[in-house]
Amino acid sequence: MEFKNFASSTKKVPFTSPYPPLVLSAKEKKQLRQLAKTLVEVNVDAYEQFLYENKGKLPESEAKGIMFST
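Per UniProt numbering: the sequence shown = residues 1 to 70.
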């Protein structure tokens, strides 16, 4: 997955990180990209299950302790 640069229509000051840049080896970069890809895949799968198998409703077993306003 590649991210493309895009021009912002706003004239905001670009975000400046307070942290020094990470210096990663090629192997570490590859591992980090794989981790990010895996995290996205897992969360998309969970969202699709929530959306399609549970019809967009949280199962009662997962909803314990959550207060819903009526």
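From the three backbone atoms N, C-alpha and C, an ideal C-beta is built for every residue, glycine too.
Alpha-carbon to alpha-carbon, residue j and residue i
| i | j | result |
| --- | --- | --- |
| residue 23 | residue 40 | 24 angstroms |
| residue 25 | residue 57 | 43 angstroms |
| residue 32 | residue 12 | 29 angstroms |
| residue 29 | residue 21 | 13 angstroms |
| residue 64 | residue 42 | 23 angstroms |
Coil, strand or helix - residue i by DSSP
| i | result |
| --- | --- |
| residue 29 | helix |
| residue 19 | coil |
Span of the alpha helix (DSSP H) around residue i
| i | result |
| --- | --- |
| residue 61 | 60 to 63 |
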